[in-house]
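Step one of this worksheet: look at the structure below.
There are 2 protein chains.
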Amino acid sequence: MKKSSSQISHWQQLGKQMLYDTSYFQLWSRRMRSPSGHFESDFFYIDAVNWVNVIAITSENEVVMVEQFRHGIQETSLEIPGGMLDADHEDPEEGARRELLEETGFAAQRMESLGFIHPNPAIQSNRNYSYFSENVTRVSSQQLDIAEDIAVHLIPLAEIPGLIESHQITHALVVNAFARLFIRRPELLTR
Amino acid sequence: MKKSSSQISHWQQLGKQMLYDTSYFQLWSRRMRSPSGHFESDFFYIDAVNWVNVIAITSENEVVMVEQFRHGIQETSLEIPGGMLDADHEDPEEGARRELLEETGFAAQRMESLGFIHPNPAIQSNRNYSYFSENVTRVSSQQLDIAEDIAVHLIPLAEIPGLIESHQITHALVVNAFARLFIRRPELLTR
Numbered sequence: 005m006k007k008s009s010s011q012i013s014h015w016q017q018l019g020k021q022m023l024y025d026t027s028y029f030q031l032w033s034r035r036m037r038s039p040s041g042h043f044e045s046d047f048f049y050i051d052a053v054n055w056v057n058v059i060a061i062t063s064e065n066e067v068v069m070v071e072q073f074r075h076g077i078q079e080t081s082l083e084i085p086g087g088m089l090d091a092d093h094e095d096p097e098e099g100a101r102r103e104l105l106e107e108t109g110f111a112a113q114r115m116e117s118l119g120f121i122h123p124n125p126a127i128q129s130n131r132n133y134s135y136f137s138e139n140v141t142r143v144s145s146q147q148l149d150i151a152e153d154i155a156v157h158l159i160p161l162a163e164i165p166g167l168i169e170s171h172q173i174t175h176a177l178v179v180n181a182f183a184r185l186f187i188r189r190p191e192l193l194t195r
Numbered sequence: 005m006k007k008s009s010s011q012i013s014h015w016q017q018l019g020k021q022m023l024y025d026t027s028y029f030q031l032w033s034r035r036m037r038s039p040s041g042h043f044e045s046d047f048f049y050i051d052a053v054n055w056v057n058v059i060a061i062t063s064e065n066e067v068v069m070v071e072q073f074r075h076g077i078q079e080t081s082l083e084i085p086g087g088m089l090d091a092d093h094e095d096p097e098e099g100a101r102r103e104l105l106e107e108t109g110f111a112a113q114r115m116e117s118l119g120f121i122h123p124n125p126a127i128q129s130n131r132n133y134s135y136f137s138e139n140v141t142r143v144s145s146q147q148l149d150i151a152e153d154i155a156v157h158l159i160p161l162a163e164i165p166g167l168i169e170s171h172q173i174t175h176a177l178v179v180n181a182f183a184r185l186f187i188r189r190p191e192l193l194t195r
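Okay, here's the thing in structure tokens:
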């Protein structure tokens, strides 16, 4: 299965306009023509800078996790550190280091890329990059802005699959990062 | 780690208004007051009906996958069947059967729930439910609407981790469904 063998043709973009800018993301409408040329329609999508998150584990194999109130679901959510890359083309790895330090006070040495995913290819244009770092250590207190209230939890890595299965971890981008890690490094779950 | 032990307080909603309705999803603004009462701000979120997707495998352990042009990323994407639940409170399992049949012509017998995830708790209110079905069979042709052009691929289940690792599968909600399946049924990857 190679993408280069695709049987699916691309649509043609006829124009686009921004409908609303929340400053965190923008709602756009795009006028598209089907490959056959016989159909035209508007398609809506959310544009945003790329996002990043990081699985950081201590020398005790504990994941540095954050819990915070999330305004989309109006509930608290257990997650790994992450957020938006700075708009001035911040390197994803630097963004991961920054978010880890700001949200938890932990610092990473070596960072391993876990690749990227598209949060939703149908209605979002951006990517989320994920990283993995071992032997992280606490070097400072959290650096939170006024709208952030984040509790740090250290959770054994081997407990993560059970927390996903029992819906205590429900953030898709967090589950994605762990999926990438467990595919590449399954031995981490048993040590 | 129990959510009931949360140290994080909830914010208070002061009001909300819909800013734009694309008919597939709605952009909302919500006025919120922090737990301390000292901070107020507007938070933006995307509201949508719940979504569903389904990992359907044949008696040969091949996953029934779909490839289509995705307007968010302006590229083709390799995915499992899925979509929006009908707005009239469609049961997620029924939605999964419907999407599988419409997009691929394959029919499922028994469906196993793989739970749900939140696509993005920070800026989306809805859930994506995932299902798993074995021994699916082709019973009809696809039933596509005018805006859909979907190629069906049968891909051995054991190849899925490699396709995720190599970024040939990049849809977060698709990777989530496989993550849930592989956590619960790791033996499926080796048979």
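Sequence lines, in order, name chains G and B. So the working numbering is basically just the index in the first sequence, starting at one, shifted up by 4. So the working numbering is basically just the index in the second sequence, starting at one, shifted up by 4. Backbone N, C-alpha and C fix where the C-beta goes; we use that ideal spot for every residue, glycine too.
Item, Value
"Straight-line gap, G:P123 to G:S144 (C-alpha atoms, nearest Å)", "31 Å"
"Sheet register partners of G:W15 (DSSP bridge)", "The partner list for G:W15 (beta bridge, DSSP) is empty, contrary to what the question assumes."
"Meets three-Cβ-pair contact criterion under 8 Å: the stretch 124 to 139 of chain G and the stretch 176 to 192 of chain G", "yes"
"Residues within the stretch 155 to 175 of chain G neighbouring chain B, beta-carbon criterion of under 8 Å", "A155, H157, I159, E163, P165, L167, I168, E169, H171, Q172, T174, H175"
"CA nearest to the CA of G:T62, picked from G:P165, G:P190, G:R189, G:H157", "G:H157"
"Range of the contiguous alpha helix (DSSP H) that encloses B:V187", "With the sequence shown as reference, residue 187 of chain B is identified as Ile, and Val is not the correct amino acid for it. Where B:I187 is concerned, the enclosing alpha helix (DSSP H) stretches over 176 to 188."
"Residue(s) in a DSSP beta bridge with B:S33", "B:Q21, B:F48"
"Partners in chain G for B:A183, counting only beta-carbon separations shorter than 8 Å", "I168, V179, N180, F182, A183, F186"
"In DSSP terms, what B:A60 is bridged to", "B:S137"
"C-alpha distance - B:E152 paired with B:G19, whole-angstrom precision", "38 Å"
"Limits of the unbroken beta strand (DSSP E) element including B:E116", "116 to 121"
"Buried or exposed (CB count within 10 angstroms, at least 16 for buried), G:L82", "buried"
"Cross-chain neighbours of G:S45 in chain B, by beta carbon under 9 Å", "I150, A151"
"Opening and closing residue of the alpha helix (DSSP H) in which G:R103 lies", "It is Glu, not Arg, that sits at residue 103 of chain G in the sequence shown. Taken as a continuous stretch (DSSP letters only), the alpha helix (DSSP H) holding G:E103 covers 96 to 108."
"Neighbouring residues, chain G, relative to B:P96 (Cβ below 8 Å)", "What B:P96 touches in chain G: nothing, since even the nearest Cβ is about 14 Å away."
"Per-residue DSSP class, three states only, for G:I159", "strand"
"Euclidean distance between Cα positions of B:L105 and B:D95", "16 Å"
"Contact list for B:R74 against chain G, beta-carbon separation under 7 Å", "P125, A126"
"Segment contact flag, the stretch 27 to 37 of chain G with the stretch 64 to 80 of chain G, C-beta cutoff 8 Å, min 3 pairs", "no"
"Neighbourhood of G:L167 by C-beta, 8 Å cutoff - its chain only, sequence neighbours within 5 removed", "L82, I159, I173"
"Buried versus exposed, by CB contacts within 10 Å (16 or more), G:Q128", "buried"
"Neighbour flag for B:Q146 against chain G, beta carbons, 7 Å", "no"
"Under the three-state DSSP convention, the category B:G41 falls into", "coil"
"Local conformation of G:E191 per DSSP, three classes", "helix"
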